[in-house]
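Heads up, the thing below is written out as C-alpha cells.
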Amino acid sequence: MILIKCPYCGERDQSEFANGGEAHVIRPKNPESLSDKDWGEYVFYRNNPKGIFYERWVHTHGCKKWFNAVRNTSTDQILKVYKVNEKRPDLSEFQNTLKSPSGEPSVGSGNFAVKK
Amino acid sequence: MKKKYSIASIVKNSLSNNENWGKMWRSPNPKKHYDVIIVGGGGHGLGTAYYLAKHHGIKNIAVIEKGWLGSGNTGRNTTIIRSNYLWDESAYLYDHAVKLWENLSEDLNYNMMFSQRGVLNLAHNEHDIKEIKRRVSANRLNGLDTMWLDKNEIKDLVPIMNTDNLRYPVLGAAYQPRGGVARHDAVAWGYAMRADELGVDIIQNCEVKGIKTDNYKVEGVETTKGFIKSSKIGVVASGHTSVLAATAGVRLPLQSRPLQALVSEPIKPVINTVVMSNAVHAYVSQSDKGELVIGAGTDGYNSFTQRGGYDVIEETVRAIVELYPIFGKMKMLRQWGGIVDICPDASPIISKCDVEGLYFNCGWGTGGFKATPGSANVFAHTIAKDEPHKINAPFDLSRFSEGRLIDEHGAAAVAH
Chain A
-10 MILIKCPYCG
0 ERDQSEFANG
10 GEAHVIRPKN
20 PESLSDKDWG
30 EYVFYRNNPK
40 GIFYERWVHT
50 HGCKKWFNAV
60 RNTSTDQILK
70 VYKVNEKRPD
80 LSEFQNTLKS
90 PSGEPSVGSG
100 NFAVKK
Chain B
19 MKKKYSIASI
29 VKNSLSNNEN
39 WGKMWRSPNP
49 KKHYDVIIVG
59 GGGHGLGTAY
69 YLAKHHGIKN
79 IAVIEKGWLG
89 SGNTGRNTTI
99 IRSNYLWDES
109 AYLYDHAVKL
119 WENLSEDLNY
129 NMMFSQRGVL
139 NLAHNEHDIK
149 EIKRRVSANR
159 LNGLDTMWLD
169 KNEIKDLVPI
179 MNTDNLRYPV
189 LGAAYQPRGG
199 VARHDAVAWG
209 YAMRADELGV
219 DIIQNCEVKG
229 IKTDNYKVEG
239 VETTKGFIKS
249 SKIGVVASGH
259 TSVLAATAGV
269 RLPLQSRPLQ
279 ALVSEPIKPV
289 INTVVMSNAV
299 HAYVSQSDKG
309 ELVIGAGTDG
319 YNSFTQRGGY
329 DVIEETVRAI
339 VELYPIFGKM
349 KMLRQWGGIV
359 DICPDASPII
369 SKCDVEGLYF
379 NCGWGTGGFK
389 ATPGSANVFA
399 HTIAKDEPHK
409 INAPFDLSRF
419 SEGRLIDEHG
429 AAAVAH
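Residue numbers (our numbering), protein chains in the order written: chain A, -10 to 105; chain B, 19 to 434.
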C-alpha cells in the first residue's frame, strides 16, 4: 500500500486510485499503413521496466481526474507526479537504484532470497 | 535413475540421527560453454532441463538461478492444480500437465504429495452460472472430468460453506475431481535432483545480468560469475522475464505485478477440497499441516517489490470470512508476495522470438504452478527441436499480431 499525491486533492491512499498503465503511449498516426506486427505492438505491448516507469493514474474515489506519475517499480517510490498536459520529465532527472537490470535495490524490495 | 529414497534408507539414516543424508544435487562452478542455458531455477526451468536431458539427449545444460532453487514463484504459490480451462488450446496444455502430475512422483522417485482432492469453482449469480456451465460443456468436449454441481451437492462436499446468508449466495459450481494440490518445493527439488543425475549443472546464487546477442543470434549470458557462452538460451524467469528480454533487445507483451498469498494457523481438517470463487475473489484449501492456504489478488499496478498491498489481502479475507463464517476468528500466520508476469490474454507464451536461439516460457501470470510439468515438457521440445510442440504451438508470440488470442480471463482464478 502506497501513498499517492494527487495533484488536485493532495496525498491519499493508493486504494483510492486506479492505475492506467504506461503513460505517453502515442496512437499511430497512420493506422491503415501499419503492418499487423506494428499494430499488435501498439495494442498489446507496453514497457515493463524494473526501475523508472512513467504511468497514468486516475483518482477514482476522489476528483476522478487523470494524471501522470514517475515511479520506481523496484521500490514503489513515487518520484514525481505531474498533470497530463505537463511535459514528460526526462529520465536523467531520476536516479535508478538498481545495480543491474534484474538486481534488487537496497530498500523497498521484499525479495529477501537474493538481497545481500 | 538411482533410487535415493526407500524405507531401508530412512531406517538407516535415522540410526545416525539423520546427519548423513547426501546432497541432492551438486553445486558446480559454471563451465565456459553450455549447449543450452536455462535462466531461472524454478519448477518450470528445472523441469525443462530435466526433459531436455532425458527425452532429447542434450547433456551439456546449465540452469542459472538468481537466488536458491524454488525461491521465486515455485515456492510462493498456493499449489493448486487443475485443467478446467475454456479454450481447446488451454485444455490440451493444462491437461498435458495434469497427466504428467499423475505420474510425477513415480517418474522422479520423489514424493510430490500430489493429492487429487478436487477443485470447485463457485457461481454466485446468473452470469456466473451461464459462464461456468459453458466452461463445463467445453471441458467435457475436450475429455476433461469437469461437472456441474448444484448447491446441495456443494454442501455435501464442503459442509462449512455458508451458501445462502451472504451478499452473493452460492448457486452452483464447476467441479473437477482430478484437480488438487501438490507440494511445491518437492517439484523444484525432484526435478533438480534428477536433472543433476543426468549431468545438468545447477548454478545457484548467480544472477543473469544480461543476454548477449550478435546480429539477432544469442551468444551467451553475462552473470555475476562471469560470461557463459551458449547458442541456445531458454528464459523462464516469471516476473523478471521482460527485464531479461530487454537486455537482448526483445519486447514482450508482459506486465509484472505482485500476487499475494497467506496461510493461517494450523487447525484440524475442515475442508478436504479446493474451493475457488472468481466473483467474490476468494480461494482456499487446507494444507497437510492443517493451515488454510488462501490466495489473494494482484495489485492494480506494475511493481517488482515482492510484497503487495494490504488492501488486496483485506478484500480476499473479507470474502473468505463471509463464505466460511467458521474461519472468522482464525489468525493468519504468514503473508507474502511474488512477482507474476501477466499477458494481455491471461495465457502463457511458450515461444521462439526474432533472436535465433532465444526461447521464452513466460506470461503464466497468476496460474503457472499447475502447468509446471507440462510447460517444462513442451518447452524442452521447443528448445531441442527449434520448433514448438503441437501443444504449445498456439502459445507463440505471433498470436498478438495475428489476432489469435487465447482469452482465459474467465478460467484464471485471479482477476487480472
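Using N, Cα and C, we set each Cβ at its ideal position, and we do this for glycine too.
Small disclaimer: the values here were computed from a predicted structure and weren't measured.
- Membership of B:D146 in the alpha helix (DSSP H) is indicated by the continuous run 144 to 159.
- For B:F378, the pairing in a beta bridge is given by DSSP as B:V253, B:S369.
- Linking B:Y193 to B:T92 through their CA atoms gives a straight-line distance of about 25 Å.
- Boundaries around B:K72 are those of the alpha helix (DSSP H), 61 to 73, since no beta strand (DSSP E) includes it.
- The DSSP-derived three-state label of B:G208 is helix.
- By the C-beta criterion, the segment 41 to 51 of chain A is judged to be in contact with the segment -6 to 11 of chain A, since at least 3 inter-stretch pairs fall below 8 Å.
- The C-beta distance from B:L104 to B:A429 rounds to 5 Å, short enough to meet the 8 Å contact threshold.
- In terms of Cβ geometry, B:A266 and B:T231 form a close pair [threshold 7 Å].
- Between the alpha carbons of B:V396 and B:Y68 lies a gap of roughly 12 Å.
- For B:D168, the enclosing beta strand (DSSP E) covers residues 165 to 168.
- Within 10 angstroms of the beta-carbon of B:G346 lie fewer than 16 other beta-carbons, which makes it exposed.
- Cβ-Cβ distances below 7 Å link B:R100 to V137, Q194, G197, K388 in the same chain, with the five nearest sequence neighbours on each side left out; the list follows chain order.
- Boundaries for B:I285: no beta strand (DSSP E) harbours it, and the DSSP string shows neither H nor E there.
- Restricted to the segment 13 to 89 of chain A, the alpha helix (DSSP H) segments that are unbroken, complete and at least 4 residues in length are 25 to 33, listed in chain order.
- In the structure shown, B:E83 adopts coil according to DSSP, grouped into three states.
- Between B:A206 and B:G88, the CB-CB gap stays under 7 Å.
- Distance from B:R275 to B:I360 at the Cβ level is roughly 6 Å; contact confirmed, criterion being Cβ atoms closer than 8 Å.
- A Cβ-Cβ distance of about 6 Å is found for the pair B:I178 and B:V288, placing them in contact under the 8 Å criterion.
- Spanning the alpha carbons of B:K235 and B:K243 requires a straight line of approximately 22 Å.
- Across the segment 85 to 105 of chain A, CB contacts with chain B closer than 7 Å involve S89, P90, S91, G92, G97, S98, G99, N100, A102, V103, in sequence order along the chain.
- Judged by their CB atoms, B:W43 and B:D214 are nearer to each other than the 7 Å cut-off.
- Under the rule that a run must span 4 or more residues, the alpha helix (DSSP H) segments found entirely inside the segment 83 to 139 of chain B read 106 to 126.
- A:T49 is outside the set of residues whose beta carbon lies under 7 Å from a beta carbon in chain B.
- Contact between B:Q324 and B:G356 holds: their C-beta atoms lie close to 6 Å from each other, under 8 Å.
- Contact annotation for B:N95 against chain A: no contact, minimum CB-CB distance about 15 Å [criterion: below 8 Å].
- Straight-line spacing of the CA atoms in B:I150 and A:R16 works out to 36 Å.
- Here B:L351 carries a strand assignment [DSSP, helix/strand/coil].
- Taking the C-beta atoms as reference points, A:N37 is found no nearer than 7 Å to B:Q278.
- According to the DSSP assignment, B:S419 belongs to the alpha helix (DSSP H) that extends over 417 to 420.
- Taking CB atoms only, B:Y319 has a neighbour in chain A less than 7 Å away.
- Residue contact with chain B for A:G29: present (Cβ-Cβ distance below 7 Å to some residue of chain B).
- Closer than 7 Å to the CB of B:H299 there is not a single CB belonging to chain A.
- Residues of chain A with a Cβ closer than 9 Å to the Cβ of B:G228 are, in chain order, S89, P90, S91.
- For the pair B:V253 and B:I246, the CB atoms are not nearer than the 7 Å cut-off.
- In the three-state reduction of the DSSP assignment, B:H51 falls in the strand class, which pools E and B.
- No residue range can be given for A:V96, since it is assigned to no beta strand (DSSP E) and is classified by DSSP as neither H nor E.
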